[in-house]
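Below: one structure, written as structure tokens.
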Amino acid sequence: MSVSPPKNKIWWNEPVPKSELMWVIIAFVWGLIMFFMMVYWHAYGEQNLSNEAYRITAEDFSAKTQTMVDKYTVREESGYPVVHPPVGEDVYLIARLWQWWPILELEKGKSYRLHLSSLDWMHGFSLQPVNINLQIHPDYEMVITITPTTSGEFGIVCNEYCGIGHHQMLGRMYVVDNEGT
Amino acid sequence: MAIKEQYRICQTTGLRVYKSAENLIKANAVVAVVFLLVGGIFGIMVALTRWKAVHLLPADWFYLALTAHGINLLVVWIIFFEIAVLYFASSVLLGCRLATPKIAWAGFALMLIGALITNVAVLQGNSSVMFTSYVPLKADPSFYAGVILFAVGALVGCFVFFGTLVIAKQEKTYEGSVPLVTFGATVAAIIAVFTIASGAIILIPTFLWSIGYVNHLDTLMYRTVWWAFGHSSQQINVAAHISIWYLISAVTLGAKPLSEKVSRGAFLLYILFLQLASAHHLLVDPGISSEWKIFNTSYAIYLAVLGSMIHGLTVPGSMEAAQRKKGYTNGLFEWLRKCPWGNPAFSGMFISLILFGFLGGISGVVMGVEQINLIIHNTIYVPGHFHATVVAGTTLAFMAVTYLLVPLIFQRELILPWFAKIQPYVFGLGVAGISVFMMGAGTLGVPRRHWDISQADAVLPYDFPGAANLMMGLNGMSAVLAGLGGAIFIVVVVGSILFGKKIASSNEPVAAEEEATVVSEYGSEEHPNIPGTLILVAVFFTSFVLYYFVNWKYLAEVWPLR
Ligand code: HEM
Ligand SMILES: [Cu+2]
Ligand SMILES: [Cu+2]
Chain B
1428 MSVSPPKNKI WWNEPVPKSE LMWVIIAFVW GLIMFFMMVY WHAYGEQNLS NEAYRITAED
1488 FSAKTQTMVD KYTVREESGY PVVHPPVGED VYLIARLWQW WPILELEKGK SYRLHLSSLD
1548 WMHGFSLQPV NINLQIHPDY EMVITITPTT SGEFGIVCNE YCGIGHHQML GRMYVVDNEG
1608 T
Chain Z
4 MAIKEQYRIC QTTGLRVYKS AENLIKANAV VAVVFLLVGG IFGIMVALTR WKAVHLLPAD
64 WFYLALTAHG INLLVVWIIF FEIAVLYFAS SVLLGCRLAT PKIAWAGFAL MLIGALITNV
124 AVLQGNSSVM FTSYVPLKAD PSFYAGVILF AVGALVGCFV FFGTLVIAKQ EKTYEGSVPL
184 VTFGATVAAI IAVFTIASGA IILIPTFLWS IGYVNHLDTL MYRTVWWAFG HSSQQINVAA
244 HISIWYLISA VTLGAKPLSE KVSRGAFLLY ILFLQLASAH HLLVDPGISS EWKIFNTSYA
304 IYLAVLGSMI HGLTVPGSME AAQRKKGYTN GLFEWLRKCP WGNPAFSGMF ISLILFGFLG
364 GISGVVMGVE QINLIIHNTI YVPGHFHATV VAGTTLAFMA VTYLLVPLIF QRELILPWFA
424 KIQPYVFGLG VAGISVFMMG AGTLGVPRRH WDISQADAVL PYDFPGAANL MMGLNGMSAV
484 LAGLGGAIFI VVVVGSILFG KKIASSNEPV AAEEEATVVS EYGSEEHPNI PGTLILVAVF
544 FTSFVLYYFV NWKYLAEVWP LR
């Protein structure tokens, strides 16, 4: 039994039953398929996280964001600037206790380089209802290129616990249909 | 034979039980169950808070309760019980006295004191940092100190286990190789040593930081090292509960491994590859290359997943072979129908096996795919997944084996046998519910560790779809069911230990065991015939492949990003 020493002392010489061997091979091949699926998606899939990231201080990141906000704010909403940057521009989003700042307004079908960083603790960028989720660290600036393919109003939820205000940490993003270029 | 120690022989299993080991197993198991109770109560409160219609706790209490729930169950309950399992798998299964019982008691004391210190810190309300305690969230220094003490105590337990293996070998209490179950427990203990070392590397600096000796900790470094600890500790659980699956099938059905080589090889894959999986937690973090993520998240081409998939065949396969030898050979599944479904040790083990494989295993591999993690990371899908692994899998397996330990170690008959009989079903159903509904809510984007997804008082509120609230409501109801199952377990076990009918002890050896001879030699002549298991495995594999590709399809629907 499994609770007693193997009866056959040289158990490692016993042949493996066919059914088991077959399953080991199937499972191994399936592992290979799953492994190469990730590699394949890097080459042909459209959703891959970039490896682009920099070390940055909170001051530098907020200065960069402020510059963008100063240049491209189009209106105010609940005390947040709504920023509509030109297509192709680098856009910045600050995570801090307990806000996503500012509100970005992007154009559908256009690509943007989105820079994300936290000014204090770790936060979780969770764009809803699209459901893209990223871990946002302080001192690291993550840069991803996103292309919104649906328009409307989107919520940015924080899904990394960041203290007592965590559940109030919500942001917003708008995606508008192209106004022609 | 330097040390002569008192032992007795169990009249049902023929196992030799030494007093020193018996007392330590009792103490560790009892303390484990007490913490299961405490953590379970917090769990129900958490689930009821996340059920919108109930919304039980205020925000600060919610985060406190969630921290207490995670620590007391994932860490304290599981590890105390694992120490009991280690002592059982070494001393009892090898029929050997326990090495250095005094030191083992010291380890036990350290663990208990550590657990209490951390609990006090959490309950005081200034350490609601979750069990992950990500910096720069800062807890009271005693929070980290308690966890460190606890870990040191657990490390002592591992070394007592290794010491016992050495003594058994020297004193020749068994012949040949250790039993498979002991082998699996050894794998768990080896992984535990690695795990605790990683824990020390991260928690000691964090403790120093909390008292002001270190002034900065990098968050990415913290997460990387913390998860080398946090994820590996899950592999201890897997190795431990798979050993228990083998143990229970041996005791209840007389099952023996189809092939020692394959089952042991599968355990070895865990030691070799499981540690890589801390990458699972870092897939959407900045500053880590995709090459590193892919290699590590797949445990180098899924070799540890291979290990689990092998056990997925060999555990039910060994049961089928044993049952067929007993004459249950009609059709594909007579062997399964004729299993002792009324024995909670057996039913608990089988439910644990099914839920762990189908819910926990498949979801775990899928969310560990580098790109698919983008649509899952930190949503409540994640707790959904690990309640299938660590609650339906590990906790239920531990409950099941407790039904064997009560007569064997505590020498008491179970009280309330009818309740004991239904307990694994009630708990299993409840836990399957919380897992499935949390996973469902997670695919709708619901965040984990979140007090209020209706966000009534946020400046920029976002409304989750109604289905998300429905899922969280169903989760709350399942939590009540799981809680009921947990409560029955505790009442039956504690009641039996205190009031159960005593089983007479004796040190007469028992006549050679019936069960063991029912299943004759395995090996070359005897091609085990396991068609039923092959069907089960085929169903499993089909679900796995389908679910895997469905998630790639979900991923393909979100906004392109690179
Ligand atoms: C009656 C049984 C249980 C119920 C109803 C339950 C329910 C829950 C719920 C609703 C959450 C919160 C998810 C969130 O808001 O993020 C949670 C988290 C968690 N549960 Fe359980 N649970 C139970 C048993 C267990 C057991 C037995 C374990 C461990 C062995 C466990 C380990 C955890 C952990 C580690 C977390 C995550 C805590 C965190 O995010 O920091 N649970 N549980
Ligand atoms: Cu946050
Ligand atoms: Cu947060």
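Protein chains in written order, with the numbering used here: chain B, 1428 to 1608; chain Z, 4 to 565.
Heads up, the beta-carbon is just placed ideally off N, CA and C, and yes, glycines get one too.
Nothing here was measured: the structure is a model prediction, and the numbers come from that model.
Just reading off the beta strand (DSSP E) that B/Leu1541 is part of, what are its end residues?
Position 114 of the first sequence, counting from 1, holds the residue named residue 1541 of chain B. That run of the beta strand (DSSP E) goes Tyr1539 to Ser1545.
By Cβ distance below 6 Å, which residues in the same chain neighbour Z/Lys22 in space, the five residues on each side in sequence not counted?
Position 19 of the second sequence holds residue 22 of chain Z. Hits under 6 Å: Gln9.
Could you check if B/Trp1525 belongs to the surroundings of ligand 4, using beta carbon to heavy atom distance under 7 Å?
The model depicted lacks ligand 4 and carries ligand 1, ligand 2 and ligand 3 instead.
With 8 Å as the threshold, decide whether the Cβ of Z/Trp454 is near any Cβ in chain B.
Counting from 1 along the second sequence, the entry for residue 454 of chain Z is found at position 451. Chain B contact via Cβ: present.
Per-residue contacts from Z/Ser293 into chain B (C-beta, under 7 Å)
Here the question's residue 293 of chain Z lines up with position 290 in the second sequence. Within chain B, the residues near Z/Ser293 are His1469 and Asn1478.
Along chain B, which residues have their Cβ under 7 Å away from the Cβ of Z/Ile533?
Translated into the one-based positions of the second sequence, residue 533 of chain Z becomes position 530. Within chain B, the residues near Z/Ile533 are Ser1446.
Note down, in chain order, every chain Z residue with its Cβ under 7 Å from the Cβ of B/Met1569.
Working through the first sequence from its first residue, we reach residue 1569 of chain B at position 142. Here the neighbours are Pro289.
Which one or two residues does DSSP pair with B/Asp1517 in a beta bridge?
The sequence position of residue 1517 of chain B within the first sequence is 90, counting from 1. Answer is B/Arg1540.
Within-8 Å CB hit, Z/Ser301 to chain B
For the purposes of this step, residue 301 of chain Z is identified with residue 298 of the second sequence, where counting begins at 1. Yes - at least one Cβ of chain B is within 8 Å of the one on Z/Ser301.
Tell me the DSSP secondary structure of B/Gln1526 in three-state form.
Translated into the one-based positions of the first sequence, residue 1526 of chain B becomes position 99. Strand, per DSSP.
Euclidean distance between Cα positions of Z/Ser546 and Z/Gly98
For the purposes of this step, residue 546 of chain Z is identified with residue 543 of the second sequence, where counting begins at 1. For the purposes of this step, residue 98 of chain Z is identified with residue 95 of the second sequence, where counting begins at 1. Near 42 Å, if we compare the C-alpha coordinates of Z/Gly98 and Z/Ser546.
If you reduce the DSSP assignment to three classes, tell me which class Z/His58 lands in.
Here the question's residue 58 of chain Z lines up with position 55 in the second sequence. Z/His58: coil per DSSP, three-state reduction.
Can you tell me where the alpha helix (DSSP H) with B/Met1569 in it begins and where it stops?
Taking the first sequence and counting its residues from 1, the one referred to as residue 1569 of chain B is at position 142. Here B/Met1569 belongs to no alpha helix (DSSP H); instead the beta strand (DSSP E) covers Tyr1567 to Ile1573.
Partners in chain B for Z/Leu328, counting only beta-carbon separations shorter than 8 Å:
Taking the second sequence and counting its residues from 1, one reaches residue 328 of chain Z at position 325. It is Lys, not Leu, that sits at residue 328 of chain Z in the sequence shown. Chain B residues near Z/Lys328: none, gap ~12 Å exceeds 8 Å.
For Z/Leu364 and chain B, any beta-carbon pair shorter than 8 Å?
Position 361 of the second sequence, counted from the start, is the residue given in the question as residue 364 of chain Z. For clarity, residue 364 of chain Z is Gly in the given sequence; the question names Leu instead. No, Z/Gly364 does not count as interfacial toward chain B.
Length of the line joining the Cα atoms of Z/Val368 and Z/Ile106
Residue numbering aside, residue 368 of chain Z sits at position 365 when the second sequence is read from its first letter. Residue numbering aside, residue 106 of chain Z sits at position 103 when the second sequence is read from its first letter. Approximately 39 Å, taken between the alpha carbons.
Count the other CB atoms, across all protein chains shown, that sit within 10 Å of the CB of B/Asn1440; report buried if there are 16 or more and exposed otherwise.
Residue mapping note: residue 1440 of chain B aligns to position 13 of the first sequence, counting from 1. Counting Cβ neighbours within 10 Å, B/Asn1440 comes out exposed, since fewer than 16 surround it.
Are there any heavy atoms of ligand 2 lying less than 7 Å away from the beta-carbon of Z/Glu85, as far as the coordinates show?
Along the second sequence, one-based indexing puts residue 85 of chain Z at 82. No - ligand 2 has no heavy atom lying nearer than 7 Å to the Cβ of Z/Glu85.
For the region 1514-1530 of chain B, enumerate the residues whose C-beta is nearer than 7 Å to any C-beta of chain Z, in chain order.
Per Cβ criterion, the list is empty.
What span of residues does the beta strand (DSSP E) with B/Glu1441 cover, start to end?
Taking the first residue of the first sequence as position 1, residue 1441 of chain B is located at position 14. That residue, B/Glu1441, is in no beta strand (DSSP E); it is neither H nor E in DSSP.
Could you check where the alpha helix (DSSP H) with Z/His388 kicks off and where it finishes?
On the second sequence, position 385 is the one that residue 388 of chain Z refers to. Residues Tyr384 to Phe389.
For a test of the three-state rule: what should DSSP assign to Z/Val561, helix, strand or coil?
In the second sequence, the residue the question calls residue 561 of chain Z occupies position 558. If DSSP states are grouped into helix, strand and coil, Z/Val561 belongs with coil.
By Cβ distance, which residues of its chain are closer than 8 Å to Z/Gly476, with the 5 residues on each side in sequence left out?
The residue labelled residue 476 of chain Z in the question sits at position 473 within the second sequence. Around Z/Gly476: Trp54, Lys55 and Ala56.
Which residue's Cα is closest to the Cα of B/Ile1583: B/Pro1432, B/Gly1592, B/Asp1487 and B/Met1596?
Stepping through the first sequence from its first residue, residue 1583 of chain B is reached at position 156. Looking from the CA of B/Ile1583, the closest CA among B/Pro1432, B/Gly1592, B/Asp1487 and B/Met1596 belongs to B/Met1596.
Within chain B, partners of Z/Ile378 - CB distance below 8 Å:
The sequence position of residue 378 of chain Z within the second sequence is 375, counting from 1. Near Z/Ile378 (Cβ distances below 8 Å), the residues of chain B are Asn1558, Ile1559 and Asn1560.
By how many angstroms is the C-alpha of Z/Gly363 removed from the C-alpha of Z/Ala62?
Here the question's residue 62 of chain Z lines up with position 59 in the second sequence. Here the question's residue 363 of chain Z lines up with position 360 in the second sequence. When rounded, the distance between both Cα atoms is 29 Å.
Is DSSP giving Z/Gly360 helix, strand or coil here?
Working through the second sequence from its first residue, we reach residue 360 of chain Z at position 357. Note: Z/Gly360 maps to helix in three-state DSSP.
Are the CB atoms of Z/Val429 and Z/Gly488 within a distance shorter than 8 Å?
Taking the first residue of the second sequence as position 1, residue 488 of chain Z is located at position 485. Taking the first residue of the second sequence as position 1, residue 429 of chain Z is located at position 426. Cβ atoms of Z/Gly488 and Z/Val429: closer than 8 Å.
Taking only three categories from DSSP, how would you classify B/Pro1432?
As a first step, residue 1432 of chain B is located in the first sequence; it is residue number 5 there, counting from the start. Coil.
Roughly how many whole angstroms lie between the Cα atoms of B/Leu1543 and Z/Ser281?
Looking up residue 1543 of chain B in the first sequence gives position 116. Looking up residue 281 of chain Z in the second sequence gives position 278. One C-alpha to the other measures close to 23 Å.
Whole alpha helix (DSSP H) runs in the region 124-193 of chain Z with 4 or more residues, listed along the chain?
144-173
With 16 other CB atoms within 10 Å as the buried threshold, where does Z/Val561 fall?
Working through the second sequence from its first residue, we reach residue 561 of chain Z at position 558. With 16 or more Cβ atoms within 10 Å of its Cβ, Z/Val561 is classed as buried.
Could you tell me if the beta carbon of Z/His453 falls within a distance shorter than 7 Å of some heavy atom in ligand 1?
The residue labelled residue 453 of chain Z in the question sits at position 450 within the second sequence. Answer for Z/His453: yes, Cβ within range of ligand 1.
Taking 7 Å as the line, does the beta carbon of Z/His58 fall inside it for any heavy atom of ligand 1?
Walking along the second sequence from the start, residue 58 of chain Z turns up at place 55. Because no heavy atom of ligand 1 lies under 7 Å away, the Cβ of Z/His58 does not count as near it: no.
First and last residue of the uninterrupted alpha helix (DSSP H) at Z/Gly46
Along the second sequence, read from residue 1 onward, the residue named residue 46 of chain Z stands at position 43. Counting along the chain, the alpha helix (DSSP H) containing Z/Gly46 begins and ends at Lys22 to Arg53.
For a test of your reading of the model: does the CB of Z/Leu77 fall under 7 Å from any non-hydrogen atom of ligand 1? Yes or no.
Residue 77 of chain Z sits at position 74 when you count from the first residue of the second sequence. Under cutoff, so the answer is yes.
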